[in-house]
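Participant:
2 protein chains.
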Amino acid sequence: MTVELISVGTELLLGNIVNTNSNYLSKKCAELGYSLYYQVTVGDNEERLSDAVTTALSRSDVIILTGGLGPTQDDMTKEAVAKVLKRDLVMDEISKNHIETYFAYRSCNGTVPSVITSNNWKQALKIVGSTAVDNENGTAPGYIIEVDSKIIILLPGPPFEMIPMFQKSIYPFLKSKQSKIFLSKMVKICGIGESKAETEILDLIEKQTNPTIAPYAKSGEVHFRITASADTEQEAMMLIQPVIDELYRRFGNNIYTIEEEETLEAVVVKLLLQKKYSLATAESCTGGLLTGCLVNVPGVSDVLQEGIITYSNEAKIKYLGVKPETLHTFGAVSPQTAEEMVRGVAKAANSSTALAITGVAGPDGGSPEKPVGTVYTACYVNGEVIIKKNHFNGTRQKVREQSVIQALDMLRRNLL
Amino acid sequence: MTVELISVGTELLLGNIVNTNSNYLSKKCAELGYSLYYQVTVGDNEERLSDAVTTALSRSDVIILTGGLGPTQDDMTKEAVAKVLKRDLVMDEISKNHIETYFAYRSCNGTVPSVITSNNWKQALKIVGSTAVDNENGTAPGYIIEVDSKIIILLPGPPFEMIPMFQKSIYPFLKSKQSKIFLSKMVKICGIGESKAETEILDLIEKQTNPTIAPYAKSGEVHFRITASADTEQEAMMLIQPVIDELYRRFGNNIYTIEEEETLEAVVVKLLLQKKYSLATAESCTGGLLTGCLVNVPGVSDVLQEGIITYSNEAKIKYLGVKPETLHTFGAVSPQTAEEMVRGVAKAANSSTALAITGVAGPDGGSPEKPVGTVYTACYVNGEVIIKKNHFNGTRQKVREQSVIQALDMLRRNLL
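These protein sequence lines are chains A and B, in that order.
For the first sequence, this note's numbering begins at 114 and goes up steadily by one.
For the second sequence, this note's numbering begins at 114 and goes up steadily by one.
Okay, here's the thing in structure tokens:
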């Protein structure tokens with residue numbers, strides 16, 4: 114079955130808000146094994162909205178519309194769909210009661226005015242033959258309409274109304290219409306470029322049917338999503354496993370996880386916890402980005418002792434014990450400084466592992482022998498230090514992101 | 114002139130990434146005074162992509178496509194557009210050289226393999242009659258094609274390649290096609306909620322015509338975009354200025370800038386530079402986020418001495434001189450600890466200003482008297498300390514973001 118998403122709202126076309134609804138619904142449809150071929154966004158304009166619905170009905174089995182169900186004149190999704198289907202709008206008593214209760218409850222504590230303005234009753238109108246779906250977080254109900262083997266679903270626009278409604282009512286409904294199970298694993302690779310990674314498995318990509326293999330590039334990483342459809346989860350996993358095994362044969366420990374939700378920093382924290390190691394960080398050009406990314410991992414406080422952001426030379430000397438001669442002779446961006454930083458922070462924190470980063474993130478500060486993008490990453494594990502010289506491309510932000518991934522990946526490989 | 118956006122990429126249809134490109138480009142088109150009626154997303158499928166291009170050409174003047182310009186088999190935007198326009202693809206020598214230089218530079222330091230895999234040359238092909246646009250952050254160039262009074266623009270998908278390319282080459286090009294001048298200023302406000310801010314200027318919003326006023330909510334901030342159209346930039350500014358003056362009358366120094374690109378952290382760094390003050394930071398629950406956001410400001414190294422991430426109590430004692438009794442009596446999340454942290458880091462760094470943050474970011478660690486979201490922010494300026502107790506809502510990430518903005522805003526107000 115194919116799905117099409119139609120997001121309704123001029124605020125999306127003006128760029129006032131990011132369309133996170135499309136992202137959420139796309140993910141859910143993929144999870145349910147529905148094929149999504151089109152996402153369309155139109156403004157609060159009845160003609161263009163009706164056209165979009167007509168086009169969608171001609172090419173997709175399920176159409177999910179979000180937005181335009183509110184009380185204002187601009188909200189016209191229900192009206193446009195009714196017109197396309199040539200059906201009337203009628204008052205729905207259940208929705209009417211719901212609106213009354215909602216206002217009664219909230220006007221007590223002053224969240225909404227106690228008088229229900231007349232435009233609110235517009236939200237109690239439903240298309241003949243549709244099923245209204247309760248909105249637990251607002252006044253506009255959702256709707257399901259089944260017509261000529263097509264399904265049309267209308268959902269409110271605000272994510273905090275739409276998501277709970279989808280989870281509670283729409284997801285089970287869509288699941289009941291699907292017979293196949295879809296399962297996917299995400300093979301995440303680090304330390305190898307996108308085009309190189311893809312070239313290495315071009316033969317697998319070319320002969321893919323079930324499971325399918327789809328590459329995704331991320332700053333400094335490459336991900337491959339392996340998706341299989343089958344009658345049961347077990348059968349799907351049996352289709353996926355040989356592909357994962359083959360990817361391990363080709364990429365070895367460049368693969369850091371096969372779990373969708375697992376990040377590189379989470380893998381590093383997990384390895385540290387397993388070995389009961391502690392970690393300290395010393396950052397210059399990344400200025401807290403490495404540590405900030407580590408603290409996103411729940412449970413990191415058992416591992417991470419402290420982080421020092423030594424932007425100035427004085428701070429490098431004072432906190433990390435970097436020698437003034439080293440800074441003078443080789444400069445702050447040098448393997449010698451990187452080594453003294455990483456040893457210094459490990460000593461200060463009395464930690465078993467440490468990471469240090471020093472480099473030129475740009476846009477200024479580059480020189481012919483140390484151009485912007487020159488970054489030294491240093492990794493300390495129980496007295497041993499490894500240092501890597503990197504040349505990263507891109508903006509200041511990009512250089513810093515790649516530096517963080519490089520540092521995390523060094524530690525990961527060292528801990529394996 | 115009307116614009117249509119076509120985002121290309123199966124990863125968007127699967128929900129693996131959020132479509133921030135559409136949001137960015139929509140904003141920019143609004144800024145340029147182009148009318149955007151449709152945003153369409155299709156996957157890496159030549160037939161559906163060609164159909165989308167054909168439809169767009171039939172109803173819009175300018176079509177901007179993002180994604181599908183990379184080296185892999187999945188990348189087929191150029192091929193689909195060429196087919197719709199019935200034009201050939203030819204090798205572009207400039208793009209070919211660019212790819213060679215890009216790889217030569219990177220293979221020296223091992224970032225990419227020294228052999229350029231053959232699929233990369235695909236990126237040097239251009240549609241006959243198109244103009245290639247330099248990509249300073251990747252190998253895939255962009256393209257501009259003008260055909261029968263229509264304009265087609267092809268941009269790479271990764272935002273860090275697309276945005277700089279758009280800013281440098283596409284924005285000026287689109288601007289040159291507009292006869293009216295559109296000028297906008299972004300009034301950025303901090304320390305006041307969205308609905309309150311909007312209520313305060315409801316009268317202005319209701320009577321808007323030229324200039325228009327559009328509100329944008331951002332984590333912890335409210336922005337109003339004032340846009341005027343006129344024949345000259347000067348005339349447009351004359352329309353905008355009275356509105357800005359009125360907003361200053363109503364919001365005073367809650368407004369921290371009226372420049373689109375200027376961030377709160379940039380304003381803080383600018384104020385510090387003006388006063389020749391230095392800054393040090395001590396972070397607990399934000400774990401480097403505050404400092405990481407400050408180091409995004411070019412030139413910050415003249416201001417920022419050092420940052421200490423003291424996740425553990427030991428680190429708070431060792432580096433910041435927080436008294437063990439204080440931690441024992443009042444806890445790590447307390448005004449007393451916040452004050453000792455901020456004074457401690459200012460003393461250690463010998464800096465004229467300092468910021469400290471300690472709080473419960475969640476999801477765990479809350480208690481009845483200190484629930485998740487309780488955060489103390491402390492600001493030190495030349496011996497004077499101000500401390501603020503905050504109760505932030507939302508996820509761990511959200512609490513941390515709001516803490517950072519609160520800390521930066523405290524320092525900003527203190528420096529004014």
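Glycine included, each C-beta is placed from N, C-alpha and C at the ideal position.
Counting C-beta neighbours from all protein chains within 10 Å, is the total for A/L529 16 or more, i.e. buried, or is it exposed?
Facilitator: Flag for A/L529 reads exposed.
Participant: Measure from the C-beta of B/T466 to each C-beta in chain A and report whether the shortest distance is under 8 Å.
Facilitator: So no, B/T466 is outside the interface.
Participant: Just confirm the distance between the C-beta atoms of A/S541 and A/T490, as a whole number of angstroms; I'd bet it's less than 8 Å.
Facilitator: This structure does not reach residue 541 of chain A, given that chain A is present from 114 up to 529, and the question cannot be answered.
Participant: If we ignore side chains and look at the alpha-carbon of each, how far apart do A/G128 and A/C398 end up?
Facilitator: When rounded, the distance between both Cα atoms is 32 Å.
Participant: Could you check the C-alpha separation between B/Q449 and A/P484 for me, to the nearest Å?
Facilitator: Going from the Cα of B/Q449 to the Cα of A/P484 covers about 45 Å.
Participant: Leaving out the 5 sequence neighbours to the left and right, which residues in its chain are closer than 7 Å to A/H504 when beta-carbon positions are compared?
Facilitator: G486 and T487.
Participant: Considering only C-alpha positions, which residue in the set B/T244, B/D358 and B/A253 is nearest to B/E213?
Facilitator: Nearest of B/T244, B/D358 and B/A253 to B/E213, Cα basis: B/A253.
Participant: Should B/D205 go down as buried or exposed, given a rule of 16 or more other Cβ atoms within 10 Å for buried?
Facilitator: It counts as buried.
Participant: Beta-carbon within less than 7 Å of A/E419's beta-carbon, same chain only, minus the 5 sequence neighbours each way: which residues are those?
Facilitator: Closer than 7 Å at the Cβ level, and outside the excluded window around A/E419, lie A393 and A462.
Participant: For B/M454 and B/A469, which I take to be in contact (beta-carbon distance under 8 Å), what is that distance rounded to the nearest angstrom?
Facilitator: The Cβ separation is near 4 Å, so the contact holds.
Participant: Relative to chain B, which residues along the stretch 406-422 of chain A have a C-beta separation below 9 Å, given in chain order?
Facilitator: Taking 9 Å as the Cβ-Cβ cut-off against chain B, the residues of the stretch 406-422 of chain A that qualify are C406, L407, V408, N409, P411, V413, S414, L417, Q418, E419, G420, I421 and I422.
Participant: Between which two residues does the alpha helix (DSSP H) containing A/S308 stretch?
Facilitator: E307 to E313 is the extent of the alpha helix (DSSP H) around A/S308.
Participant: What does B/S135 touch in chain A if you count any residue whose Cβ is under 7 Å from its own?
Facilitator: Simply N132.
Participant: Starting from A/Y329, find everything on chain B with Cβ-Cβ shorter than 7 Å and list it in chain order.
Facilitator: Correct list: E124 and N129.
Participant: Reducing DSSP to helix, strand and coil, say where A/E497 ends up.
Facilitator: Residue state, collapsed to three classes: strand.
Participant: Taking Cβ positions, are B/V356 and B/I371 nearer each other than 8 Å?
Facilitator: No. Outside cutoff.
Participant: Contact defined as beta carbons within less than 8 Å: I believe B/I518 pairs with B/V458. What is the distance between those atoms, to the nearest angstrom?
Facilitator: With 8 Å as the limit, B/I518 and B/V458 do not qualify as a contact, their Cβ atoms being about 20 Å apart.
Participant: Leaving out the 5 sequence neighbours to the left and right, which residues in its chain are closer than 7 Å to B/K298 when beta-carbon positions are compared?
Facilitator: Correct list, in chain order: I339, I353, I357 and I371.
Participant: Classify B/P328 as helix, strand or coil using the three-state DSSP reduction.
Facilitator: DSSP places B/P328 in strand when its eight states are reduced to three.
Participant: Could you check what DSSP says for B/T123 in three-state terms: helix, strand or coil?
Facilitator: Looking at B/T123 - three-state DSSP - the assignment turns out to be helix.
Participant: Report, in whole angstroms, the separation of the C-beta atoms of B/N136 and A/V131, which I expect to be a contact under 8 Å.
Facilitator: That belief holds up - the Cβ atoms of B/N136 and A/V131 are roughly 5 Å apart, short of 8 Å.
Participant: At the level of alpha carbons, what is the spacing between B/K331 and B/N409?
Facilitator: Spanning the two alpha carbons is a distance of roughly 18 Å.
Participant: For B/L162, count neighbouring Cβ atoms within 10 angstroms of its own Cβ and tell me buried if that reaches 16, exposed if not.
Facilitator: Label assigned to B/L162: buried.
Participant: Of the residues B/L403, B/N158, B/E160 and B/I368, which one's Cα is nearest the Cα of B/E378?
Facilitator: If we check each option's Cα against that of B/E378, B/L403 comes out closest.
Participant: Using a Cβ distance threshold of 8 Å, determine whether the stretch 175-190 of chain B contacts the stretch 261-278 of chain B, with at least three qualifying pairs required.
Facilitator: Touching, yes, given that three or more Cβ pairs across the two stretches are closer than 8 Å.
Participant: What are the start and end residues of the beta strand (DSSP E) that includes B/L268?
Facilitator: B/L268 -> beta strand (DSSP E) spans K263 to L268.
Participant: Would you tell me roughly how many angstroms separate the C-alpha atoms of B/K235 and A/Y424, rounded to the nearest one?
Facilitator: About 42 Å.
Participant: Should A/L118 be labelled buried (16 or more other beta-carbon atoms within 10 Å of its own) or exposed?
Facilitator: Flag for A/L118 reads buried.
Participant: List the residues of chain A that B/Y284 touches, going by C-beta distances under 9 Å, in chain order.
Facilitator: Within 9 Å Cβ-Cβ: nothing; B/Y284 doesn't reach chain A, min ~14 Å.
Participant: Is any beta-carbon of chain A found at less than 8 Å from that of B/S139?
Facilitator: At least one chain A Cβ lies under 8 Å of B/S139.
Participant: For A/I318, which residues of its own chain have a beta-carbon under 6 Å away from its beta-carbon, when the five flanking residues on both sides are left out?
Facilitator: Closer than 6 Å at Cβ, skipping near neighbours: I326.
Participant: Residue range of the beta strand (DSSP E) that A/L296 falls in?
Facilitator: From DSSP, the beta strand (DSSP E) with A/L296 extends over I294 to C303.
Participant: Measuring straight from C-alpha to C-alpha, what distance separates B/H441 and A/Y390?
Facilitator: The alpha-carbon atoms of B/H441 and A/Y390 are separated by roughly 27 Å.
Participant: Judging by CA-CA distance, which residue of A/V413, A/A467, A/G478 and A/K511 is the nearest neighbour of A/Y493?
Facilitator: The residue with the shortest Cα to Cα distance from A/Y493 is A/A467.
Participant: With A/T442 as the anchor, note down where its alpha helix (DSSP H) starts and where it stops.
Facilitator: That run of the alpha helix (DSSP H) goes P437 to F443.
Participant: Which whole-angstrom value is the C-beta distance of B/C142 and B/V116, which I expect to be below 8 Å?
Facilitator: Yes, they are in contact, since the Cβ atoms of B/C142 and B/V116 sit about 5 Å apart, within 8 Å.
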